[in-house]
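**Q** Residues in the sequence shown are numbered consecutively from 108, following the numbering used here.
Even for Gly, the Cβ is constructed at its ideal location relative to N, Cα and C.
None of these values were measured; they are calculated from a predicted model.
Could you have a look at this structure, given as structure tokens, before my questions?
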Amino acid sequence: MFRRTDLSVSERAADLLSQLTAEERIAMLHQAMPAIERLGVAESRTGAETLHGVAWLGNATVFPQPVGMAATWDPALLEAIGEVTSTEARAKRAEDPLVSLNVWAPVVNTLRHPQWGRNEEGYSEDPHLTGQLGAAYSKGLRGDDERVWKTVPALKHFLAYSNETDRSATSSEMSLRTLHEEELPAFRAAIEQGVAGSMMLAYNQVNGSPAHTQPELVAEARSWAEGSLAIVSDAGAPTFTVTIQGAQPDSIHAAAALVRSGMDSFTDNDADAEPTIKNLTAALEQGLLTTADIDQAVTHILEMRVRTGEFDGDADPYAGIGADAIDAPGARELAREAAGRSVVVLRNDDAVLPIASPTRIAVVGPLADAVLTDWYSGTPPYAVGIAQGLAERYPAADVVVETGADTISLRAANGRYVVASADGKTVAATAPSAEDAALFDVTDWGDGLLTLRAHASGKLLTGGGWPMRADSARVGEWVVQESFRTHVHADGTWSLLHLGSGRWVRVAREVGLLLAEGVTLDQAERFGVRTVRAGHAAVAAVAAAADVVVVAVGNDPHLAGRETEDRPHLMLPDTFTEIWRTAREANEHTVLTIVSSYPYVLGEADAAATVVWSSHGGQELGHGIADVFSGDREPTGRLAQSWPADPAQAGDLFDYDTLRQQATYRHQPAPYTFAFGHGLTYSTVEYRGVTLNADQVAAPAPTHRHPALGVRGDITAVVTVANTGDRPAEELVQVYVLAPSLPLPAARRLLVGYRRVRLEPGEERRVEVSFETARLSVWDDALRLDGAVDDWLHEGALRVQPGEYRVAAGPSADELPVAAALTIS
Numbered sequence: 108m109f110r111r112t113d114l115s116v117s118e119r120a121a122d123l124l125s126q127l128t129a130e131e132r133i134a135m136l137h138q139a140m141p142a143i144e145r146l147g148v149a150e151s152r153t154g155a156e157t158l159h160g161v162a163w164l165g166n167a168t169v170f171p172q173p174v175g176m177a178a179t180w181d182p183a184l185l186e187a188i189g190e191v192t193s194t195e196a197r198a199k200r201a202e203d204p205l206v207s208l209n210v211w212a213p214v215v216n217t218l219r220h221p222q223w224g225r226n227e228e229g230y231s232e233d234p235h236l237t238g239q240l241g242a243a244y245s246k247g248l249r250g251d252d253e254r255v256w257k258t259v260p261a262l263k264h265f266l267a268y269s270n271e272t273d274r275s276a277t278s279s280e281m282s283l284r285t286l287h288e289e290e291l292p293a294f295r296a297a298i299e300q301g302v303a304g305s306m307m308l309a310y311n312q313v314n315g316s317p318a319h320t321q322p323e324l325v326a327e328a329r330s331w332a333e334g335s336l337a338i339v340s341d342a343g344a345p346t347f348t349v350t351i352q353g354a355q356p357d358s359i360h361a362a363a364a365l366v367r368s369g370m371d372s373f374t375d376n377d378a379d380a381e382p383t384i385k386n387l388t389a390a391l392e393q394g395l396l397t398t399a400d401i402d403q404a405v406t407h408i409l410e411m412r413v414r415t416g417e418f419d420g421d422a423d424p425y426a427g428i429g430a431d432a433i434d435a436p437g438a439r440e441l442a443r444e445a446a447g448r449s450v451v452v453l454r455n456d457d458a459v460l461p462i463a464s465p466t467r468i469a470v471v472g473p474l475a476d477a478v479l480t481d482w483y484s485g486t487p488p489y490a491v492g493i494a495q496g497l498a499e500r501y502p503a504a505d506v507v508v509e510t511g512a513d514t515i516s517l518r519a520a521n522g523r524y525v526v527a528s529a530d531g532k533t534v535a536a537t538a539p540s541a542e543d544a545a546l547f548d549v550t551d552w553g554d555g556l557l558t559l560r561a562h563a564s565g566k567l568l569t570g571g572g573w574p575m576r577a578d579s580a581r582v583g584e585w586v587v588q589e590s591f592r593t594h595v596h597a598d599g600t601w602s603l604l605h606l607g608s609g610r611w612v613r614v615a616r617e618v619g620l621l622l623a624e625g626v627t628l629d630q631a632e633r634f635g636v637r638t639v640r641a642g643h644a645a646v647a648a649v650a651a652a653a654d655v656v657v658v659a660v661g662n663d664p665h666l667a668g669r670e671t672e673d674r675p676h677l678m679l680p681d682t683f684t685e686i687w688r689t690a691r692e693a694n695e696h697t698v699l700t701i702v703s704s705y706p707y708v709l710g711e712a713d714a715a716a717t718v719v720w721s722s723h724g725g726q727e728l729g730h731g732i733a734d735v736f737s738g739d740r741e742p743t744g745r746l747a748q749s750w751p752a753d754p755a756q757a758g759d760l761f762d763y764d765t766l767r768q769q770a771t772y773r774h775q776p777a778p779y780t781f782a783f784g785h786g787l788t789y790s791t792v793e794y795r796g797v798t799l800n801a802d803q804v805a806a807p808a809p810t811h812r813h814p815a816l817g818v819r820g821d822i823t824a825v826v827t828v829a830n831t832g833d834r835p836a837e838e839l840v841q842v843y844v845l846a847p848s849l850p851l852p853a854a855r856r857l858l859v860g861y862r863r864v865r866l867e868p869g870e871e872r873r874v875e876v877s878f879e880t881a882r883l884s885v886w887d888d889a890l891r892l893d894g895a896v897d898d899w900l901h902e903g904a905l906r907v908q909p910g911e912y913r914v915a916a917g918p919s920a921d922e923l924p925v926a927a928a929l930t931i932s
């Protein structure tokens, strides 16, 4: 019966469950599920990474990072990206049946603090915008067939997770206000819309208890779903409840607690299911679990598998997707559109942009022609850097690349220079002179964090093997092996610390091989350093000879901020500021182009007259930036995350109470350098007024639910905007509600809606933005709803407070030139 497509998902899952033995049921609760040959059930897995394209499975279309996708403010575009990603996930499964259709994306943790190492993975500091965009991406991943899901998205990471430092040990302390107003809404939209069928729990603790053992929170999320919601653990987290958090006395009690709390699938011990099976079996035998507990969890997993059409054969509408669906022409076009749409023009004071008809363009900085990928990127089938994109767009121009790296040679204490072989497999201090094979380009990514690229091999120096090599194509892997830090001795010699191993580089006697194995600084080699070519002098020379200079700086997504590692600070590194300053002193027509996974505090670089930001934009980064720089594409990108003017505006990374800290655009009184929603057009747009369909409304009844962003409601703001420039303008009309002083302090400003509109030169338009009054509600601990579940999570309710509000409109949260009064009675 479980193969009959005319039955409901729950009926089919129940039938399959009834045919499983007790042992087979328990085995279903690990990530690696065995085949059941007698029933024709194949071996299966939970989890494939699809954050911004299919990752870890070879060639696949790589779209902009999620923080970049969010800068489009375009749910339809994110849905289209999700659709391509789910097609390629199906194509990978056609190649390998163990590729899971339970995809672990999107990440809907809010970007409440820009120091979070995983900032690139999220969408926005606003939970409702995060929820809307996450739901759109999930909708594309889910597919549009009513019966079969193309993939089953798993929302990550539930709940209150946005610090990497001691992430499994720290507790995210929060009031019910923070929980209901700023955490739960980001997850609710996709589940409530029926486009997320799974959810991953978070490593951290919430108010002192592991997020993996919070049954009330899991039950709350499940209450939003019409159908089943399969809950998976994060990798290793079941073990961490014992070893790090100390919340359970042993792995048997932990297994029982996790299942009783609502978790269905153990992502633990990699593909080795035996420890999980052993623990669950013992928990059942000891009475810590019942067979009903096991059956309920197995049912959620089976329902998820039924949803994917796994048991439908040719009746699965997606069964015909084959390996040839990877890297389709339409996917390339969409990747380029997404890259271009996500570019944000932050400042254009001297009108360098758009670039007209240059004869010489200098592209300088470490990202001048590099396309960098992050931990959750796939392998792009091709990659177009900024310089290449500009060279293709301006074929008559001379496009010159200068990374700004110093070229050096290293002389060991044996009097020999360090040389690399052409294949990079050997690096040794054996050369009598500083020949070309002894040259290395040194890039400082900030705070003395270095990478060294050998001229001989063209690859990066790595300590990932023994002895050391120079054959790494990029910075990467879970533990980065290509990064170093220097210790400069009093005599000017360098010692190199290999950060991946924490060992100092030394030179082997006789043979001269470089080895990353010195335990103390005394054991480290002291290299004499000769600067053969100064990077800043080279930047100045090419900048002076150019019509326009593009300074391309930003982070490497594997360094100084990534999973397991929060950013050391928010400042734009001094090394990047110095590259910009050098270029600007040589040529006033300079564009500071920041390609990064997160916002920066610009410091001295805030003097730049022209500033542009893009996330790491994937395979079409260069084309996307060239499309905007040339004016072929009108700028449409708008920030979904504020750029602080001062690090203090971001608050404390470990304090999740944004209201108390006055953090995020909602609560911060001081202006940002670049505010939430900010982004320029190449024209000028004037806001001429806003009117409301009603200037007085009654407060709605208290509830436990915030309405989603984008839902039509009882209040409609009509915003009049006009393009007063001589170019078309793609304007993002944003509507916020500004709260008065209230008994329960509300957000200073709250995004309630937005609409994108294209305005031709001279055109005036009335733009309608609708929202529900209930969007203005705040959590009141003193309220009790009739019939509410009696648990700590619902000790209170959301209510709209009477008062005189202002409905304001403008191009960003910090620039709201028109407003209308709204009385809530």
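Using 8 angstroms as the threshold, is the stretch 733–748 in touch with the stretch 469–483, meaning 3 or more CB pairs across them?
**A** no
**Q** Can you tell me the Cα-Cα spacing of GLU879 and VAL907, whole angstroms?
**A** Counting from 1 along the sequence shown, the entry for residue 879 is found at position 772. Counting from 1 along the sequence shown, the entry for residue 907 is found at position 800. In a straight line, the C-alpha of GLU879 is about 11 angstroms away from that of VAL907.
**Q** Where do the N-terminal and C-terminal ends of the alpha helix (DSSP H) with HIS360 fall, by residue?
**A** For the purposes of this step, residue 360 is taken as residue 253 along the sequence shown, with counting starting at 1. Where HIS360 is concerned, the enclosing alpha helix (DSSP H) stretches over 358–367.
**Q** Take the Cβ of ALA167 as the centre, count every other Cβ of all protein chains shown within 10 Å, and call the residue buried at 16 or more, exposed below.
**A** Taking the sequence shown and counting its residues from 1, one reaches residue 167 at position 60. With 16 or more Cβ atoms within 10 Å of its Cβ, ALA167 is classed as buried.
**Q** Exposed or buried, THR671, counting other C-beta atoms within 10 Å across all chains shown (16 or more means buried)?
**A** Here residue 671 refers to the residue found at position 564 of the sequence shown. The residue in question, THR671, is exposed, as its Cβ has fewer than 16 Cβ neighbours within 10 Å.
**Q** Secondary structure at MET678, three-state DSSP: helix, strand or coil?
**A** The count along the sequence shown starts at 1 and reaches residue 678 at position 571. The answer is strand: DSSP assigns MET678 an E or B state.
**Q** Give a yes or no on contact between the stretch 348–360 and the stretch 275–288, applying the rule of three or more CB pairs nearer than 8 angstroms.
**A** yes
**Q** Flag this pair as yes or no: are the beta carbons of PRO213 and SER245 separated by less than 8 angstroms?
**A** For the purposes of this step, residue 213 is taken as the residue at position 106 of the sequence shown. For the purposes of this step, residue 245 is taken as the residue at position 138 of the sequence shown. Against a cut-off of 8 angstroms, the Cβ pair of SER245 and PRO213 comes out as a contact.
**Q** Using the C-alpha atoms, what's the distance from LEU479 back to VAL206?
**A** Numbered from 1 along the sequence shown, position 99 holds the residue referred to as residue 206. Numbered from 1 along the sequence shown, position 372 holds the residue referred to as residue 479. Near 25 angstroms, if we compare the C-alpha coordinates of LEU479 and VAL206.
**Q** Return the chain-ordered list of same chain residues with a C-beta closer than 7 angstroms to the C-beta of VAL859, the five sequence neighbours on each side being excluded.
**A** By one-based count along the sequence shown, residue 859 stands at place 752. Once the five neighbours on either side are set aside, the close Cβ partners of VAL859 are VAL842, TYR843, VAL844, PHE878 and ARG882.
**Q** Count Cβ pairs between the stretch 507–524 and the stretch 633–649 that sit closer than 8 angstroms; are there 3 or more?
**A** yes
**Q** For GLY832, which of ARG467, GLY229, GLU871 and THR157 has the nearest alpha-carbon?
**A** The count along the sequence shown starts at 1 and reaches residue 832 at position 725. It is GLU871.
**Q** According to the neighbour-count rule (16 or more other Cβ atoms, all chains shown, within 10 Å of its Cβ), is GLY420 buried or exposed?
**A** As a first step, residue 420 is located in the sequence shown; it is residue number 313 there, counting from the start. GLY420 is exposed by the Cβ-count criterion.
**Q** Taking the C-alpha atoms as reference points, what is the distance between ALA928 and LEU365?
**A** Position 821 of the sequence shown, counting from 1, holds the residue named residue 928. Position 258 of the sequence shown, counting from 1, holds the residue named residue 365. Between ALA928 and LEU365, the C-alpha separation is close to 50 angstroms.
**Q** Following the continuous beta strand (DSSP E) through ARG295, name the residue where it begins and the one where it ends.
**A** Residue mapping note: residue 295 aligns to position 188 of the sequence shown, counting from 1. Premise fails: ARG295 lies in the alpha helix (DSSP H), 291–299, not in any beta strand (DSSP E).
**Q** Helix, strand or coil for LYS246 per DSSP?
**A** Taking the first residue of the sequence shown as 1, we reach residue 246 at position 139. Correct three-state label for LYS246: helix.
**Q** Check TYR789 in the structure and name its three-state DSSP category.
**A** For the purposes of this step, residue 789 is taken as residue 682 along the sequence shown, with counting starting at 1. Note: TYR789 maps to coil in three-state DSSP.
**Q** Which residue's Cα is closest to the Cα of ALA328: ASN270, ALA297, ASP357 and ALA344?
**A** Here residue 328 corresponds to residue number 221 of the sequence shown, with the count starting at 1. Here the closest residue by C-alpha is ALA297.
**Q** Skipping 5 residues on each side, what residues in its chain have a beta carbon closer than 7 angstroms to that of VAL840?
**A** Numbered from 1 along the sequence shown, position 733 holds the residue referred to as residue 840. Counting only Cβ-Cβ distances below 7 angstroms, and skipping sequence neighbours, we find VAL826, VAL828, TYR861, ARG862, VAL864, VAL874, VAL876 and ALA916.
**Q** Tell me, to the nearest whole angstrom, how far the beta carbon of ASN694 is from that of ALA755; I am working on the premise that it is less than 8 angstroms.
**A** For the purposes of this step, residue 694 is identified with residue 587 of the sequence shown, where counting begins at 1. For the purposes of this step, residue 755 is identified with residue 648 of the sequence shown, where counting begins at 1. Not confirmed; about 34 angstroms, so no contact.
**Q** Mind pulling the beta strand (DSSP E) runs of 3 or more residues that sit fully within the stretch 816–884?
**A** 822–830, 836–845, 856–866 and 871–878
**Q** Kindly indicate which three-state DSSP category PHE683 falls into: helix, strand or coil?
**A** For the purposes of this step, residue 683 is taken as the residue at position 576 of the sequence shown. Residue state for PHE683 is assigned as helix, using DSSP reduced to three classes.
**Q** Is DSSP giving LYS532 helix, strand or coil here?
**A** On the sequence shown, position 425 is the one that residue 532 refers to. Coil at LYS532, not helix or strand.
**Q** From THR743 to VAL718, what does the alpha carbon distance come to, in whole angstroms?
**A** The residue you call residue 743 lines up with position 636 of the sequence shown. The residue you call residue 718 lines up with position 611 of the sequence shown. Each residue's alpha carbon lies about 15 angstroms from the other.
**Q** Below 8 angstroms on the Cβ atoms is my contact criterion, and I expect THR258 with VAL210 to pass it. Report the Cβ-Cβ distance as a whole number of Å.
**A** Here residue 258 refers to the residue found at position 151 of the sequence shown. Here residue 210 refers to the residue found at position 103 of the sequence shown. The Cβ separation is near 5 angstroms, so the contact holds.
**Q** Ends of the alpha helix (DSSP H) at GLU202?
**A** On the sequence shown, position 95 is the one that residue 202 refers to. For GLU202, the uninterrupted alpha helix (DSSP H) segment begins and ends at 182–202.
**Q** Secondary structure at ARG616, three-state DSSP: helix, strand or coil?
**A** Reading the sequence shown from its first residue, position 509 is the one you call residue 616. DSSP places ARG616 in coil when its eight states are reduced to three.
**Q** Checking the sheet assignment: what are the DSSP bridge partners for TYR912?
**A** Here residue 912 corresponds to residue number 805 of the sequence shown, with the count starting at 1. Assignment of beta-bridge partners to TYR912 by DSSP yields LEU929.
**Q** Is any heavy atom of the ligand SAM found at a distance shorter than 7 angstroms from the C-beta of ALA198?
**A** Summarising the ligand content, the structure contains no ligands, and the ligand SAM is consequently not present.
**Q** Taking the straight line between their C-alpha atoms, what separation do you get for MET575 and LYS532?
**A** As a first step, residue 575 must be located in the sequence shown, where it is residue number 468. As a first step, residue 532 must be located in the sequence shown, where it is residue number 425. Cα to Cα, the separation comes out at about 8 angstroms.
**Q** Got a sec, what are the start and stop residues for the alpha helix (DSSP H) ASN386 sits in?
**A** One-based indexing of the sequence shown puts residue 386 at position 279. Note, ASN386: alpha helix (DSSP H), 381–392.
**Q** Any beta carbon from chain B within less than 8 angstroms of SER932's own beta carbon?
**A** In summary, chain B is missing from the structure at hand, where a single protein chain is found.
**Q** DSSP puts TRP601 in a beta bridge; with which residues?
**A** On the sequence shown, residue 601 is found 494 positions in, with the first residue counted as 1. Note: TRP601 sits in a beta bridge opposite VAL595 and PHE634.
**Q** For GLN321, count neighbouring C-beta atoms within 10 Å of its own C-beta (all shown protein chains included) and say buried if the count is 16 or more, exposed if not.
**A** Here residue 321 is taken as the residue at index 214 of the sequence shown, counted from 1. Answer is buried; the Cβ neighbour count reaches 16.
**Q** Quick one: give me the first and last residue of the alpha helix (DSSP H) that LEU124 is part of.
**A** Numbered from its first residue, the sequence shown carries residue 124 at position 17. Start and end: 116–125.
**Q** Can you say whether ASN830 is buried or exposed, counting buried as having 16 or more other CB atoms within 10 angstroms of its CB?
**A** As a first step, residue 830 must be located in the sequence shown, where it is residue number 723. When all chains shown are included, ASN830 counts as buried.
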